[in-house]
Amino acid sequence: MKKEHKALLAWIFILALVYLILTLLIGTDILGPYYVQILMGIGIAIIMAMGTNLVLGFSGQFPLGQAGFMAVGAYATAILTKYMPTYLGFYLSMLVGVLVAGLIAVIVGFPTLRLKGDYLAIATLGVAEIIRIAIINGGELTNGAAGLTGVLQYTSWPVVYAFVVVIAIVMLNFIRSATGRQVIAVREDEIAAESMGVNTTKIKVITFALAAMTASMAGSLYVGYIGTVVPKDFTIMRSIDYLIIAVLGGLGSMTGTIVAAIVLGLLNMYLQNFSDVRMIIYSLALILVMVFRPGGLLGTREFRLSTLLSKKEKGGN
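Pasting the structure below:
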């Protein structure tokens, strides 16, 4: 059997085993509602951080507007499920949010993604703030600054797990595709990429739109388990939270992003009992990681089972 097929079977086994173990622990109440909430928060953070890393780590852009696109998905679901209070309505509302977020990203992407560095960060932050202010001034539709409550909770642990797995597969395959290689080429040297015939603006807009649609999905999942949504949930600080996860995991490593989201999620959980010094310990942990691993936990590398299997076979021989 080829090593790629072995790696695929190994991944399927690992993902199924993780799901079964966690489902068993939840079903027997070993992991109570609090821990289920932590798991779902980690899952949503993984989805958001992967989108952030796609733009920042792979295309070399500096986005600060992911929270705005997350708000689009959250409010689309909160509003539309009032009129279609079914699982079908939930997934249709998610689709609407994804399409709206993608459309906004394309419209604002062409002018803003011509900017670089700090200017791009300010522009994307401005887009997120425009979305948030529009929501605040949305009248009865969005209920202004008070937000919307009583949203039916359609998001469960299996749903979040499935979305994490599917989005991770989509992201990894996108990066390995011809378009993904063009994205990396733009990051490494935009002028050289243009000279090779790459439409750099188009590539950056595609990446930006994909990240925006991913953030919108995360927003729908978020409101589907919290049950309430308010504009103050989607400030710049939320974008920075996911930016930190992407940087910590390694800019240019999706598997590193997943590891970082899990580590930071568990760290936050254990530090809840130390509220006075929680942020100090949290910050020190981040500083230590960045000092000893300046490229992040995995740098630009991806964790590959096929590589481990190859080493094992060589060692066995």
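Take any residue in the sequence shown, count from 1 to its spot, add 210: that is its number in the numbering used here. Backbone N, C-alpha and C define an ideal beta-carbon position, used for all residues, glycine too. The structure displayed is predicted, hence computed values, not measured ones.
Using the rule of at least 16 other Cβ atoms within 10 Å of the residue's Cβ for burial, across every protein chain shown, is residue 290 buried or exposed? That one is buried.
Identified DSSP bridge partners for residue 439: Bridge partners of residue 439: 358.
Tell me which residues share the same chain as residue 390 and place their Cβ nearer than 7 Å to its Cβ, disregarding the 5 neighbours each side in the sequence. Cβ within range, chain order: 384.
Cβ pair residue 312, residue 419 closer than 8 Å: Cβ atoms of residue 312 and residue 419: closer than 8 Å.
Distance CB(residue 439)-CB(residue 337) smaller than 8 Å: It is not a contact, given that the beta carbons lie outside the stated cut-off.
Are residue 429 and residue 280 close, meaning C-beta to C-beta below 8 Å? At a Cβ-Cβ threshold of 8 Å, residue 429 and residue 280 count as neighbours.
Pop quiz: residue 268 and residue 462 are said to be a contact at Cβ under 8 Å. What is the actual Cβ separation, rounded to whole angstroms? With a beta-carbon spacing of about 6 Å, residue 268 and residue 462 fall inside the 8 Å limit used to define contacts.
Expected contact under 8 Å - CB spacing of residue 477 and residue 458 to nearest Å: About 11 Å; that fails the 8 Å criterion.
Would the segment 270-278 count as touching the segment 319-335 if we require 3 or more Cβ pairs under 8 Å? Counting C-beta pairs with one atom in each stretch, the segment 270-278 and the segment 319-335 have three or more that are closer than 8 Å, which means they touch.
Closer than 8 Å is the cut-off here; do at least three beta carbon pairs connect the segment 439-457 with the segment 363-370? Cβ pair count under 8 Å is below three, so no.
Are the CB atoms of residue 259 and residue 455 nearer to each other than 8 Å? In terms of Cβ geometry, residue 259 and residue 455 form a close pair [threshold 8 Å].
Using 8 Å as the cut-off, can you tell me whether the segment 367-379 makes contact with the segment 237-257, which would need three or more C-beta pairs spanning the two stretches below that distance? Touching, yes, given that three or more Cβ pairs across the two stretches are closer than 8 Å.
If distances are taken between C-alpha atoms only, which option among 322, 301, 413 comes closest to residue 369? It is 301 whose Cα lies nearest to the Cα of residue 369.
If we count the other Cβ atoms within 10 Å of its Cβ and call it buried at 16 or more, is residue 486 buried or exposed? Under the 10 Å beta carbon count, residue 486 is surrounded by fewer than 16 other beta carbons and is classified as exposed.
Could you check if residue 447 belongs to the surroundings of the ligand SAM, using beta carbon to heavy atom distance under 7 Å? In the structure on display, the ligand SAM does not appear, and there are no ligands present to speak of.
Find out if the Cβ-Cβ distance for the pair residue 432, residue 284 is shorter than 8 Å. Contact check for residue 432 against residue 284 passes: the beta carbons are separated by less than 8 Å.
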